[in-house]
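Residue numbers (the working numbering): 1 to 420.
Positions of the beta carbon are idealized from the N, C-alpha and C atoms, including for glycine.
Reading through the structure tokens given below for one structure.
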């Protein structure tokens with residue numbers, strides 16, 4: 001069956017675009033705060049000026065009077081564009097596999113997320129292993145090839161996991177033979193593999209071992225650890241193992257009980273990329289609360305809200321609004337949960353996360369304030385190149401529905417002809 005027209009890129013990716021967006025309410029998420037009736041100039045993919053009455057310098061001009069311009073949203077926990085290849089679950093340690101190898105640039109969810117203002121994502125391996133596969137930070141450059149999606153210069157990552165998933169307690173009765181089967185076994189396995197990596201480093205001519213070499217990158221500070229975790233006891237366990245083995249945890253992914261040990265998380269320097277209010281979808285998350293993010297922020301932890309969902313990713317502004325509702329956090333600070341804070345967690349805040357001179361031209365134009373329930377994303381730019389425009393998107397969606405109906409009618413006609 002042919003690809004539906006709504007999900008075919010209209011043209012190949014063209015980097016380093018230029019545009020002047022004028023007269024908008026600009027949420028810079030930087031030192032300038034929120035600017036009324038202001039302009040943002042992007043030239044050759046970079047923000048070159050922010051302020052009133054800017055000259056276009058030959059760039060396309062968009063009049064955004066009455067509209068709101070936000071930095072591109074960054075989803076710090078995504079499984080988009082890998083089409084189901086999320087877990088290599090046959091071994092308890094799979095540090096040799098790389099999610100970048102299965103990036104699918106034509107995944108229609110990329111376009112849907114651009115329609116929600118998401119421009120950047122951290123694509124992770126799943127949580128089937130205590131030490132899982134390598135992760136990659138990407139930009140949603142619609143129309144690009146797979147090798148053009150990763151954000152240039154971003155530190156690579158790796159997925160760790162604690163709790164029910166790596167010990168297979170929620171996999172069913174057929175999965176009881178793979179080590180580890182307990183939380184204490186997960187801790188022992190992580191410690192053991194780092195000890196093996198340290199021994200591997202000392203060998204004069206070791207047999208190449210890609211998994212151990214990946215762990216050495218962690219010890220050398222060249223790869224970030226992002227760990228799936230829920231309970232406070234296992235969070236403390238991981239921090240102890242990390243201190244013992246002399247590496248740092250970049251983020252606790254989910255971290256739904258992190259509010260119970262917020263001071264210890266802050267002292268380690270780990271961030272928490274969590275849900276706004278997910279609760280009770282499995283036994284180990286029964287103590288999750290919607291105050292987790294605000295409480296962690298209050299204790300000095302860098303907090304982001306993520307989607308872990310293709311569908312939720314395009315509605316993340318509604319998630320950040322819950323930090324305002326449950327935590328009393330000012331709107332601009334809540335917006336940081338989707339912009340500057342995930343950029344900090346991924347060590348890419350020099351490139352993205354705010355609308356400041358010198359940063360990448362990643363932004364989205366909204367019909368109203370970010371937390372108004374009726375606000376809609378009208379346009380999205382990545383590296384100054386427009387990758388989403390609402391009117392044309394809706395037109396192509398209508399074409400898709402029409403094409404689908406045509407295919408169904410043709411199939412029904414074929415079935416009737418076969419019955420004759």
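For residue i and residue j, what's the separation of their Cα atoms in angstroms?
i           : j           : result
residue 233 : residue 171 : 22 Å
residue 150 : residue 54  : 32 Å
residue 28  : residue 159 : 31 Å
residue 337 : residue 326 : 14 Å
residue 66  : residue 38  : 11 Å
residue 89  : residue 229 : 17 Å
residue 3   : residue 106 : At residue 3 the pLDDT is 48, less than 50, meaning the model places this residue with poor confidence and gives no usable figure here.
residue 339 : residue 121 : 11 Å
residue 249 : residue 104 : 28 Å
residue 175 : residue 346 : 34 Å
residue 239 : residue 17  : 43 Å
residue 216 : residue 412 : 59 Å
residue 1   : residue 386 : Only weak support is given to the placement of residue 1: the predicted model assigns it a pLDDT of 38, under 50, and the question is left unresolved by the model.
residue 323 : residue 147 : 36 Å
residue 47  : residue 246 : 38 Å
residue 421 : residue 415 : One cannot answer for residue 421 here, as it falls past the ends of the chain, which runs 1 to 420.
residue 51  : residue 404 : 46 Å
residue 392 : residue 108 : 15 Å
residue 101 : residue 133 : 11 Å
residue 32  : residue 298 : 23 Å
residue 268 : residue 373 : 37 Å
residue 302 : residue 288 : 18 Å
residue 78  : residue 236 : 25 Å
residue 62  : residue 358 : 20 Å
residue 203 : residue 214 : 16 Å
residue 85  : residue 126 : 9 Å
residue 353 : residue 342 : 8 Å
residue 200 : residue 95  : 15 Å
Residue j and residue i - do their beta-carbons sit closer together than 8 Å?
i           : j           : result
residue 224 : residue 75  : no
residue 329 : residue 294 : yes
residue 264 : residue 226 : no
residue 278 : residue 70  : no
residue 272 : residue 300 : no
residue 436 : residue 304 : In the structure displayed, the chain extends from 1 to 420; residue 436 sits before or after that span and is not available.
residue 131 : residue 97  : no
residue 164 : residue 257 : no
residue 364 : residue 380 : yes
residue 110 : residue 140 : yes
residue 115 : residue 377 : yes
residue 43  : residue 59  : yes
residue 241 : residue 193 : no
residue 56  : residue 83  : no
residue 118 : residue 153 : no
residue 244 : residue 30  : no
residue 137 : residue 113 : no
residue 212 : residue 196 : yes
residue 280 : residue 251 : no
For my contact list, residue i and residue j are in at a C-beta cut-off of 8 Å; report their separation, rounded to the angstrom.
i           : j           : result
residue 421 : residue 360 : For the chain, the structure presents residues 1 to 420; residue 421 sits outside this window and is missing.
residue 276 : residue 319 : 4 Å
residue 68  : residue 128 : Wrong, their Cβ atoms sit about 40 Å apart, outside the cutoff.
residue 123 : residue 162 : At roughly 20 Å, the Cβ-Cβ gap does not stay under 8 Å, so residue 123 and residue 162 are not in contact.
residue 259 : residue 296 : 6 Å
Look up residue i in the DSSP assignment and give the residues it is bridged to.
i           : result
residue 27  : 34
residue 252 : 227 and 272
residue 39  : 51
residue 78  : 123
residue 20  : 41 and 61
residue 98  : 134
residue 70  : 364
residue 304 : 273
residue 93  : 131
residue 424 : In the structure as shown, the chain starts at 1 and stops at 420, and residue 424 therefore has no counterpart that could be examined.
Taking only beta-carbon atoms, is residue i less than 8 Å away from chain C?
i           : result
residue 243 : Although the question refers to chain C, the structure presented lacks it and comprises just one protein chain.
Write down every uninterrupted run of the beta strand (DSSP E) in the region 341-397 whose length is 3 residues or greater and which is fully enclosed by it, in chain order. Entirely contained in the region 341-397, the beta strand (DSSP E) runs reaching 3 residues are, in chain order, 363-366, 377-382 and 385-389.
Going residue by residue through the region 101-184, where are the continuous beta strand (DSSP E) segments of at least 3 residues, counting only ones entirely within it? 118-123, 131-139 and 157-161
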